[in-house]
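Asker: Going down the list, the protein sequences come from chains E and D. Per this note's numbering, residue 1 is the first one in the first sequence, and the count goes up by one each step. Per this note's numbering, residue 1001 is the first one in the second sequence, and the count goes up by one each step.
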Amino acid sequence: MVIHATDTVVCLLRDHSAGEQATLSNGETTTVQADTPMGHKIARVPIAKGATVIKYGAPIGFATVEIRPGEHVHLHNLKGGL
Amino acid sequence: MATFQGYPRASGRPGIRNHLVILSMCGLNAPGARRVAAALPEAVLISSPYGRGHVGPDKVFHRHMLKAFSTHPNTGAVLILAPDDGLCDAMVKDVADTGRAVVGFSLQRWGEDGNRMTADAIAAGRRLWAQVQAEPRATCQMRDIVIAAECGHSDASSGIVTNPLVGDLFDHHIANGGAGVFAETREWLGCEPGLYARCATPEIASRLKELVEARHAISIGAGEDIHAGNPGPQNNAGGITTLEEKSLGAICKGGNGQIMGALGEGEAITGPGLYLMDTPTLSSESISSMVAGGAQIVCFTTGHGNPYGSAIAPTIKLTGNPETAARLPDQIDFDASDVFRGRRERLAALPDLVTLVGNICGGVQTAVERNREGDEVISRLGPSV
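#1: Give a yes or no on whether the minimum CB-CB distance between residue 25 of chain E and chain D is below 9 Å.
#2: So residue 60 of chain E and residue 1162 of chain D are in contact, right, with Cβ under 8 Å, and what is the actual spacing, rounded?
#3: If you compare alpha carbons, which of D:1043, D:1052, D:1064, D:1234 is closest to residue 1095 of chain D?
#4: Starting from residue 1091 of chain D, trace the alpha helix (DSSP H) both ways and give me its first and last residue.
#5: Of all the CB atoms in chain D, is at least one closer than 9 Å to the CB of residue 58 of chain E?
#6: If you draw a straight line from the alpha carbon of residue 1062 of chain D to that of residue 29 of chain E, how long is it in whole angstroms?
#7: Helix, strand or coil for residue 1196 of chain D, going by three-state DSSP, please let me know.
#8: According to DSSP, is residue 1047 of chain D part of a helix, a strand, or is it coil?
#9: Within this structure, are the beta carbons of residue 55 of chain E and residue 1345 of chain D separated by less than 9 Å?
#10: By Cβ distance, which residues of its chain are closer than 6 Å to residue 1067 of chain D, with the 5 residues on each side in sequence left out?
#11: In three-state DSSP terms, what is residue 1310 of chain D?
#12: Got a sec? Which residues, its chain only, sit under 6 Å from residue 1005 of chain D by beta carbon, not counting five neighbours each side?
#13: Chain E beta carbons: is any one of them nearer than 9 Å to that of residue 1241 of chain D?
#14: Along the chain, where does the alpha helix (DSSP H) that runs through residue 43 of chain E open and close?
#15: Residue 1252 of chain D versus chain E: which residues are under 7 Å apart at the beta carbon?
#16: How many angstroms separate the CA atom of residue 1042 of chain D from the CA atom of residue 1333 of chain D?
#17: If you scan the segment 1015–1063 of chain D from start to end, which runs of the beta strand (DSSP E) of 3 or more residues do you find wholly inside it?
#18: Residues in the segment 1330–1341 of chain D with C-beta within 8 Å of chain E's C-beta atoms, listed in sequence order?
#19: Reducing DSSP to helix, strand and coil, say where residue 1162 of chain D ends up.
#20: Take residue 1130 of chain D as the anchor and find which of D:1306, D:1014, D:1020 has the nearest alpha-carbon.
#21: Just curious, the beta strand (DSSP E) that residue 1103 of chain D is in, first and last residue?
#22: How about residue 1317 of chain D and residue 1250 of chain D: are their beta carbons less than 9 Å apart?
#23: How big is the Cα-Cα spacing for residue 1145 of chain D and residue 1307 of chain D?
#24: Taking the alpha-carbon positions, what's the residue 1024 of chain D to residue 1185 of chain D distance?
#25: Relative to the C-alpha of residue 1001 of chain D, which candidate in D:1314, D:1054, D:1113, D:1140 has its C-alpha closest?
#26: Could you name the residues of chain D that residue 41 of chain E contacts, counting a contact when the two beta carbons are closer than 8 Å?
#27: Considering only residues of the segment 1231–1272 of chain D, which uninterrupted alpha helix (DSSP H) runs meet the minimum length of 4 residues and lie entirely inside it, listed in chain order?
#28: Hey, how far is the Cα of residue 1354 of chain D from the Cα of residue 1109 of chain D?
#29: Counting pairs of beta carbons, one from the segment 1156–1172 of chain D and one from the segment 1317–1326 of chain D, are three or more of them closer than 8 Å?
#30: Please confirm whether residue 1011 of chain D and residue 1027 of chain D have their CB atoms less than 9 Å apart.
#31: Which word fits residue 1253 of chain D, buried or exposed, when buried means at least 16 other C-beta atoms lie within 10 angstroms of its C-beta?
#32: Give the straight-line distance between the Cα atoms of residue 1212 of chain D and residue 1300 of chain D, rounded to the nearest whole angstrom.
#33: For residue 43 of chain E and residue 71 of chain E, which I take to be in contact (beta-carbon distance under 8 Å), what is that distance rounded to the nearest angstrom?
#34: Could you list which residues in chain E have their beta carbon closer than 7 Å to that of residue 1164 of chain D, in chain order?
#35: So is residue 1347 of chain D buried or exposed if we call it buried at 16+ other beta carbons inside 10 Å?
#36: Let me check understanding here. Comparing Cα to Cα, which of D:1380, D:1088, D:1098 lies closest to residue 1071 of chain D?
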């Protein structure tokens, strides 16, 4: 599910296994890199270390390490700006 | 131009209901008011447990809210119950000045005889009800509707589907000349700079900042750390990583519009566009304040479900969670779980939601109305003396 056109992460609408193709609501496809549960985010594009992560068309934090497309984006690689 | 069959008023916005409101102004009238309400099941009971001994802004707010409910666009007639002639007659006058039918009962005038006053109030209520239920609907403009948005018992589906969908509704309604409002200040935590940037003028941004800081000062003054454990383990398990993400998932129910006003609790929504109101997060308090500000209808998104809504403003319950929609078919008015399941695009669901809003404005009942789960509360802003 792509919530906003400029988002760099997308939300999974069901559990996905490592290696599964995810088809996004806008037709793009990406390969889910690791087992990722429903409601969690994967990267839609490459995200550089320190780059802002965009969801809802707005910054939700920054990447603490480099993130590849399809990777699970959560507590281990995303930190809030506050 | 989109229209609906509603109730034009002598002044102000049109109503989508023509309620008989039983307004109990003071805690001393509350038990009697409940007996009156039991005899008039179609009426809306608004009962304050307080009403004397307020001071300062708390006193002003209490009176303002009682008047706002009594003169709300959805209110057709009012039965007032008060402890004394002074409180009673002043409110009767305020309501009568708006052209609404109103009858007042003061315990003082009835020699403090609660039984006799209750019986007389019920008789008057029956006559008022006969009057309001016979009044016909007439053509009104959808752009004169103020939609309030609320979220409660949110889960992953709320932030991914249901709140963005209500945001789409807000963008659509506001583009067509309407107004929208959302509240629950604590839920904006972490997104405030983005909100200030969306304000139409620096004055609005400055007022919004003032309200936000005052609200957070209450928590901080009570020794609470508003950032600790936020998002919490349940949020993390559901996929929410950062505070900004959690709050954006909440505020997206207001859409993308420019912010035309920053309002205090219960303050009147004066024009078209998007408004933010500073309120507590508890649904009863936030909804009542938005309704008092003029919202005639409420869109209430929920993840896990909850039965509550406004008594005065029909409250549409939406969920994107398929398990909730299946578990609570008698509570949910709009099931967006097909969007959450990826079977339908969110924007494809918008016309159905717009149609539902139009139908409710025209008289179709919400689940909250059928289940009689509506109420109004008046927040306390300070202690009594």
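Glycine included, every Cβ here is placed at the ideal spot set by N, Cα and C. Given the structure is predicted, the values throughout are model-derived calculations rather than measurements.
Answerer: Quick answer:
#1: The sequence position of residue 25 of chain E within the first sequence is 25, counting from 1. It does; some Cβ of chain D falls within 9 Å.
#2: Within the first sequence, the letter at position 60 stands for residue 60 of chain E. Within the second sequence, the letter at position 162 stands for residue 1162 of chain D. Their Cβ separation, rounded to whole angstroms, is 19 Å, which puts residue 60 of chain E and residue 1162 of chain D out of contact at 8 Å.
#3: Translated into positions along the second sequence, residue 1095 of chain D becomes position 95. Closest by alpha carbon: D:1064.
#4: To locate residue 1091 of chain D, count along the second sequence from 1; it is residue 91. Residues 1085–1096.
#5: For this step, residue 58 of chain E is matched to residue 58 along the first sequence. Cβ-Cβ to chain D under 9 Å: yes for residue 58 of chain E.
#6: As a working mapping, residue 1062 of chain D is identified with position 62 in the second sequence. As a working mapping, residue 29 of chain E is identified with position 29 in the first sequence. If you take the alpha carbons of residue 1062 of chain D and residue 29 of chain E, they lie about 55 Å apart.
#7: Numbered from its first residue, the second sequence carries residue 1196 of chain D at position 196. Residue state for residue 1196 of chain D is assigned as helix, using DSSP reduced to three classes.
#8: Counting from 1 along the second sequence, the entry for residue 1047 of chain D is found at position 47. If DSSP states are grouped into helix, strand and coil, residue 1047 of chain D belongs with the strands.
#9: Taking the first residue of the first sequence as position 1, residue 55 of chain E is located at position 55. Taking the first residue of the second sequence as position 1, residue 1345 of chain D is located at position 345. Result no, Cβ atoms of residue 55 of chain E and residue 1345 of chain D do not sit closer than 9 Å.
#10: By 1-based counting over the second sequence, the position of residue 1067 of chain D is 67. Residues 1094 of the same chain have their beta carbon placed closer than 6 Å to that of residue 1067 of chain D, with the five preceding and five following residues left out of the count.
#11: In the second sequence, the residue the question calls residue 1310 of chain D occupies position 310. Strand at residue 1310 of chain D.
#12: Position 5 of the second sequence holds residue 1005 of chain D. Within the same chain, residue 1005 of chain D has close Cβ partners 1137, 1362.
#13: Here residue 1241 of chain D refers to the residue found at position 241 when the second sequence is read from its first residue. Yes, because at least one Cβ of chain E sits closer than 9 Å to the Cβ of residue 1241 of chain D.
#14: Translated into positions along the first sequence, residue 43 of chain E becomes position 43. Looking at the DSSP string, residue 43 of chain E is not in any alpha helix (DSSP H); the run it does join, the beta strand (DSSP E), is 41–43.
#15: Position 252 of the second sequence, counting from 1, holds the residue named residue 1252 of chain D. Neighbours of residue 1252 of chain D on chain E, chain order: 56.
#16: Taking the first residue of the second sequence as 1, we reach residue 1042 of chain D at position 42. Taking the first residue of the second sequence as 1, we reach residue 1333 of chain D at position 333. Rounded to whole angstroms, residue 1042 of chain D to residue 1333 of chain D spans 21 Å at the Cα level.
#17: 1019–1024, 1044–1047
#18: Result list: 1340, 1341.
#19: Translated into the one-based positions of the second sequence, residue 1162 of chain D becomes position 162. Here residue 1162 of chain D sits in helix by DSSP.
#20: As a working mapping, residue 1130 of chain D is identified with position 130 in the second sequence. Checking every option, the nearest Cα to that of residue 1130 of chain D belongs to D:1020.
#21: Translated into positions along the second sequence, residue 1103 of chain D becomes position 103. Under the DSSP assignment, residue 1103 of chain D falls in the beta strand (DSSP E) whose first and last residues are 1101–1106.
#22: In the second sequence, counting from the first residue as 1, residue 1317 of chain D sits at position 317. In the second sequence, counting from the first residue as 1, residue 1250 of chain D sits at position 250. Going by beta carbons, residue 1317 of chain D and residue 1250 of chain D fall outside the 9 Å limit.
#23: As a first step, residue 1145 of chain D is located in the second sequence; it is residue number 145 there, counting from the start. As a first step, residue 1307 of chain D is located in the second sequence; it is residue number 307 there, counting from the start. If I take the Cα positions, the gap works out to 24 Å.
#24: Counted from its first residue, the second sequence places residue 1024 of chain D at position 24. Counted from its first residue, the second sequence places residue 1185 of chain D at position 185. Straight-line Cα distance between these residues: approximately 29 Å.
#25: Walking along the second sequence from the start, residue 1001 of chain D turns up at place 1. Minimum Cα distance to residue 1001 of chain D is reached at D:1140.
#26: Along the first sequence, one-based indexing puts residue 41 of chain E at 41. Under the 8 Å cutoff, chain D gives 1239, 1241.
#27: 1233–1238, 1243–1251
#28: Looking up residue 1354 of chain D in the second sequence gives position 354. Looking up residue 1109 of chain D in the second sequence gives position 109. Roughly 49 Å separates the two Cα atoms.
#29: yes
#30: Against the second sequence, residue 1011 of chain D aligns to sequence position 11. Against the second sequence, residue 1027 of chain D aligns to sequence position 27. Result no, Cβ atoms of residue 1011 of chain D and residue 1027 of chain D do not sit closer than 9 Å.
#31: Within the second sequence, numbered from 1, the residue matching residue 1253 of chain D stands at position 253. Buried is the call here.
#32: As a working note, residue 1212 of chain D is residue 212 in the second sequence. As a working note, residue 1300 of chain D is residue 300 in the second sequence. So the alpha carbons of these two residues sit roughly 22 Å apart.
#33: What you label residue 43 of chain E is simply residue 43 of the first sequence in a count that begins at 1. What you label residue 71 of chain E is simply residue 71 of the first sequence in a count that begins at 1. Confirmed, Cβ separation roughly 5 Å.
#34: Numbered from 1 along the second sequence, position 164 holds the residue referred to as residue 1164 of chain D. Here the neighbours are 3.
#35: Within the second sequence, residue 1347 of chain D is the residue found at index 347, counting from 1. Its Cβ having fewer than 16 others within 10 Å, residue 1347 of chain D is exposed.
#36: Position 71 of the second sequence, counting from 1, holds the residue named residue 1071 of chain D. That would be D:1098, whose Cα lies nearest to the Cα of residue 1071 of chain D.
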